[in-house]
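Written out below as structure tokens is the structure these notes cover.
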Amino acid sequence: MIKKLILKDLNAICLGLGPFLSLIPVFLQLLYNDMPVEGEHVFTHFANQIIINGNISLLNALLSIIGATLTAFGIFGLINDLQKNKSDNLMVFSVFLFLIATIGFIISWSQDFILVWGDANLAPSQMMIEFSLIFSFGILYWSSIAILSYRLLTLKFLNTNLLIALSTLSSINIFLIIYTLFTFDPYNASTVNLLYLGFLAGSILFYVFCFLAARKNFTK
């Protein structure tokens with residue numbers, strides 16, 4: 047009975063559990079990390095934060111990787127379920143972008159292991175690699191969410207206001223990534239503040255979407 051239940055609702059379970067695991071690092075980072083002071087090298091500051099936090103940084107990376115993997119499977123299953131009767135090319139494209147972005151983020155989070163275990167003198171350069179991966183795959187990630195939420199809006203899958211807000215905020219985050227890419231100053235933390243706030247707000251809103259979608263699928 048339990049085995050049948052798990053197999054039947056695996057997508058919904060992953061869609062609910064993945065964001066929950068991903069939220070833990072968000073709150074831990076807010077609790078243990080702080081922003082660089084004016085004039086401090088941004089990459090050096092964040093690299094030192096990861097090194098100082100040690101095991102907490104390793105836990106954050108591990109939870110982020112597992113959470114993102116479960117979420118990706120949940121989204122993949124959700125779209126497959128919605129397309130049982132009719133295929134939607136935009137949805138397929140959004141899921142493709144989401145899966146590629148998830149792989150990229152997993153690679154970026156794995157850099158934290160290197161930062162904790164590796165040579166501290168090389169940490170700022172390693173942090174630059176992590177940032178560049180987040181910038182690159184972040185565009186794909188938020189594009190996928192913007193497209194997906196827009197398509198789900200036309201299907202009236204969840205609350206209309208939530209889907210409009212998610213699609214709009216995801217689109218804003220795409221712009222913020224591109225804008226920050228050309229205006230970022232490694233010695234001026236304020237040049238990345240807007241992007242950080244956009245990522246934080248967008249992620250929380252996306253996790254709310256995942257929880258609601260999981261509940262809807264689980265109670266079908």
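All letters in the sequence shown, in the order written, are residues 47 to 266 by this note's numbering. For every residue, glycine included, the Cβ atom is placed at its ideal position computed from N, Cα and C.
N-terminal and C-terminal residue of the alpha helix (DSSP H) that residue i is part of
{"i": "E176", "result": "A169 to L201"}
{"i": "V83", "result": "It is not in any alpha helix (DSSP H) - V83 carries neither H nor E in the DSSP assignment."}
{"i": "S154", "result": "N135 to W163"}
{"i": "A114", "result": "N101 to L128"}
Residues bridged to residue i (per DSSP)
{"i": "D231", "result": "N234"}
Supposed close pair residue i, residue j - CB separation, criterion 8 Å
{"i": "S156", "j": "A107", "result": "7 Å"}
{"i": "T90", "j": "C256", "result": "T90 to C256, Cβ: 34 Å. No contact."}
{"i": "L243", "j": "I223", "result": "13 Å between Cβ atoms; not a contact."}
{"i": "F183", "j": "A147", "result": "5 Å"}
{"i": "A58", "j": "N205", "result": "About 18 Å separates the two Cβ atoms, so there is no contact after all."}
{"i": "A259", "j": "L76", "result": "Wrong, their Cβ atoms sit about 25 Å apart, outside the cutoff."}
Three or more C-beta pairs below 8 Å linking the stretch 245 to 253 and the stretch 211 to 229: yes
At least 3 beta-carbon pairs within less than 8 Å: the stretch 222 to 233 vs the stretch 195 to 212: no
Below 8 Å, can you find three or more Cβ-Cβ pairs linking the stretch 126 to 144 to the stretch 95 to 112? no
The stretch 175 to 191 contacting the stretch 144 to 160, beta-carbon criterion three pairs below 8 Å: yes
Contact between the stretch 135 to 144 and the stretch 192 to 205 is defined here as three or more beta-carbon pairs at a separation below 8 Å; is this criterion met? yes
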